[in-house]
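Asker: Residues in the sequence shown are numbered from -12 upward in steps of one, following the numbering used here. Have a look at the structure that comes next, please.
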Amino acid sequence: MPYQPIENYGLIGNMRTTALVGMNGSIDWLCFPHFDSPSVFAAILDDSKGGRFSIAPIPNHVKSKQYYWPDTNVLVTRFHTSDGVGRVVDFMPVGKQSADCTQHGIVRRIQTIRGTMTFRLECQPSFNYGRDSHTISLTAASAIFQSPSLSLRLGATVPLQIEGHAIVTEFTLEEGETIDICLQPHDDSDRPSGYCTEAHAQELFTQTVGYWRTWLSTCTYSGRWREMVHRSALVLKLLTFQPTGAIVAAPTCSLPEDIGGERNWDYRYTWIRDAAFTIYGLLRIGFTEEASQFMHWLEARCHELGPDGSLQIMYSIDGRHTLTEETLDHLEGYRGSSPVRIGNGAYDQLQLDIYGELLDSVYLYNKYGTPISYDLWKHLRRLINWVCDNWHRPDEGVWETRGGQQHFVYSKLMCWVAVDRGIRLADKRSFPADRERWLKVRDTIYEEIMEKGWDSKRQAFVQRYGSDSLDAANLMMSLVFFVSPTDPRMLKTLDATLQSREKGGLVANGLVYRYNNTETTDGLSGEEGTFNICTFWLVEALTRAGRVDRSRLDDARLLFEQMLGYANHLGLYAEETGHHGEALGNFPQAFTHLALISAAFNLDRALGK
């Protein structure tokens, strides 16, 4: 089939960029050298023009399986044919720092395990999202792809030949034989002829496996579902941009939330919104260094406030502010889902909730990590005062709707969190602050939410003032300690949310929609799947309520373990789950894996030993 299901992919990376490798042995997505660089392979967005790097047996009617080398991000794709068993081991070298540019490339190890297997290799890059042409030249042991913006070297220990704009070769391996293929930047320097030798590839493999296992050994989580928590941690590490500590929301762009629809966005950036989940999730399972690096990235953004003292909702991985959105009309999109978008036009939206998420992350880091500095406090104090001046404004909301600004309840909730955490930080650290004003604003926000955000007819907190529609974001109310998990209003909101959409709720077979887009206008056409992070929020809200009502704790465990079954074969999640259990949206998504870690941690603790 021209397009593989989104859930058929595995992820490899080196904390600078990542690649998606399909169960058919094809790398269909790679941006190089960084997450937000233009793509080199993008067959997942256009099967004919996007470019791919495929290694698979001949004939193609084979059975394949995929798994990670234990406790690593080294991916194995295993093929079974009538003639034998073979595998492709894919990884991006990490670990020992050196000038060797394979540190920033891909190694593909092709092996026959049993019998005999003939493989076909096809490497057809399509530089700059398919907009740049390239030339190919052959040397004794490599092929050079040269484009105006980037040059890559494909090193191999088998003969290579040019077919059109691609390198194609076929080779047969007997049982126990190995071929190594290396793709890395080309810098015009002379390379020794044995550059991609089996010994060199084996060294890089051993070094990379050692790096991942050493890193994962610092994880302190030892509860139930440890394998899924470990995989989520490994995914989050892959989505970290090592030079700055930023974490991308997802490594892909324009994978659709609705097949054939327009809900296609670029997630290769870092959202302030993810901050609290990132800090909390990493600290809770022992990854203090990663939490600290991300905190430094956040602090740098606090030094770059707008003229009015405000923050942007998202930034590039290196802190760039302008993320101009454009459409790539020459690409058809995944299974015809257009437009294909790069950049993100929401970067300059007003989303008031980000201040609560930022202040909550700083509060958690100060509590569980390292006490914050006075210099950072001065910037935070300015932000809190900005919230006090602006919390009453309508905004685009947590879901970045494009249907106009509204008074979203979740936005007001997180403004309350911003001021509340500011007060707590000031008191905990004896920082100077305008406490009297902050207390008054905090209490005013609280009472307004209780008055205008609660619908007495629906007996639930609603999405926005004047609406009677629900929003899964309001599940966060008990998670951020706005209300008690057992407050009657919170319990009634839980019960309302647990109803089916036909009955006004948000749940379908244990999966949660973020809101009912048949009841509310978000400025976009088409349907969407259930939001995976919302399902984990529901698990956590039920977990907290279940400390008093055991039946709710049982429900939380059932929902959580059902949700684990919607991960793909490798334990990875996209942003959404479709009506048939398929992955939708950008993949894999950091937010989902952070929420899984948080839900697993708190549910395991509530269940006890």
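Positions of the beta carbon are idealized from the N, C-alpha and C atoms, including for glycine.
By how many angstroms is the C-alpha of Asp407 removed from the C-alpha of Tyr352?
Answerer: Cα to Cα, the separation comes out at about 16 Å.
Asker: In whole angstroms, what separates the C-alpha of Leu(-2) from that of Arg537?
Answerer: Taking the straight line joining both Cα atoms gives about 38 Å.
Asker: Which value, in whole angstroms, describes the spacing of the CA atoms of Asn503 and Leu493?
Answerer: Between Asn503 and Leu493, the C-alpha separation is close to 7 Å.
Asker: Assuming Glu344 contacts Met401 (C-beta within less than 8 Å), just tell me the rounded distance between them.
Answerer: Between Met401 and Glu344 the Cβ distance is about 6 Å, and since that is below 8 Å, they are a contact.
Asker: Just reading off the beta strand (DSSP E) that Asp430 is part of, what are its end residues?
Answerer: Segment 422 to 439 is the alpha helix (DSSP H) holding Asp430; no beta strand (DSSP E) there.
Asker: Measuring alpha carbon to alpha carbon, tell me which of Asn496, Leu481, Arg416 ends up nearest Tyr350.
Answerer: The option with the nearest alpha carbon to Tyr350 is Arg416.
Asker: Please classify Thr579 as buried or exposed, where buried requires at least 16 neighbouring CB atoms within 10 angstroms.
Answerer: Flag for Thr579 reads buried.
Asker: Determine the direct distance from the alpha carbon of Ile154 to that of Pro179, and round the result to whole angstroms.
Answerer: Its pLDDT being 46, under 50, Pro179 is placed unreliably by the model, and the measurement read from it follows with that caveat. Cα to Cα, Pro179 sits roughly 21 Å from Ile154.
Asker: Less than 6 Å between C-beta atoms, sequence neighbours within five positions excluded: which residues of the same chain meet that for Thr103?
Answerer: So the qualifying residues of the chain are Asp70, Gly71, Glu161.
Asker: Between which two residues does the beta strand (DSSP E) containing Phe78 stretch?
Answerer: 71 to 78 is the span of the beta strand (DSSP E), which, as asked, contains Phe78.
Asker: What is the DSSP secondary structure of Gly117, reduced to helix, strand or coil?
Answerer: Three-state result, Gly117: helix.
Asker: Would Ser51 and Phe66 be called neighbours here (beta carbons separated by less than 8 Å)?
Answerer: In this structure, Phe66 lies closer than 8 Å to Ser51 by Cβ.
Asker: So, Arg476 versus Val470, is the Cβ gap smaller than 8 Å?
Answerer: In contact: Arg476 and Val470 (Cβ atoms closer than 8 Å).
Asker: Which runs of the alpha helix (DSSP H), 4 residues or longer, sit entirely within the stretch 505 to 565?
Answerer: DSSP runs (the alpha helix (DSSP H)) wholly in the stretch 505 to 565: 519 to 532, 537 to 551.
Asker: Measure the C-alpha to C-alpha separation of Phe598 and Leu545 and round it to an integer number of angstroms.
Answerer: Given a span of -12 to 596 for the chain in the structure shown, any question on residue 598 remains unanswerable.
Asker: For Ala593 and Met464, I'd like the C-alpha separation in whole angstroms.
Answerer: Roughly 19 Å between the two C-alpha positions.
Asker: Does the beta-carbon distance from Arg74 to Val61 come in below 8 Å?
Answerer: Not in contact: Arg74 and Val61 (Cβ atoms no closer than 8 Å).
Asker: Arg140 bridges to which residues according to DSSP?
Answerer: Per DSSP, Ile131, Gln171.
Asker: On the CB-based measure, 16 or more other CB atoms within 10 Å of its CB, does Arg200 come out buried or exposed?
Answerer: Exposed, by the Cβ-count rule.
Asker: Excluding sequence positions up to five away, which residues of its chain have a Cβ less than 8 Å from the Cβ of Cys88?
Answerer: Its pLDDT being 46, under 50, Cys88 is placed unreliably by the model, and the measurement read from it follows with that caveat. Excluding sequence neighbours, Cys88 sits near Gln171, Pro172, Asp174.
Asker: Within a Cβ cutoff of 6 Å, which residues of the same chain sit near His366, ignoring the five residues on either side of it in sequence?
Answerer: Excluding sequence neighbours, His366 sits near Cys289.
Asker: Where does the unbroken alpha helix (DSSP H) through Trp16 begin, and where does it stop?
Answerer: It is not in any alpha helix (DSSP H) - Trp16 instead sits in the beta strand (DSSP E) that spans 13 to 18.
Asker: Go through the stretch 370 to 403 residue by residue and report every complete run of the beta strand (DSSP E) that reaches 3 residues or more, in order.
Answerer: Listed in chain order, there is nothing to give.
Asker: Is DSSP giving Pro44 helix, strand or coil here?
Answerer: Strand at Pro44.
Asker: Classify Pro525 as buried or exposed, calling it buried when 16 or more other Cβ atoms lie within 10 Å of its own Cβ.
Answerer: It should be pointed out that residue 525 corresponds to Leu in this sequence rather than to Pro. Leu525 is buried by the Cβ-count criterion.
Asker: Where does the unbroken alpha helix (DSSP H) through Tyr208 begin, and where does it stop?
Answerer: From DSSP, Tyr208 is part of no alpha helix (DSSP H); its letter is neither H nor E.
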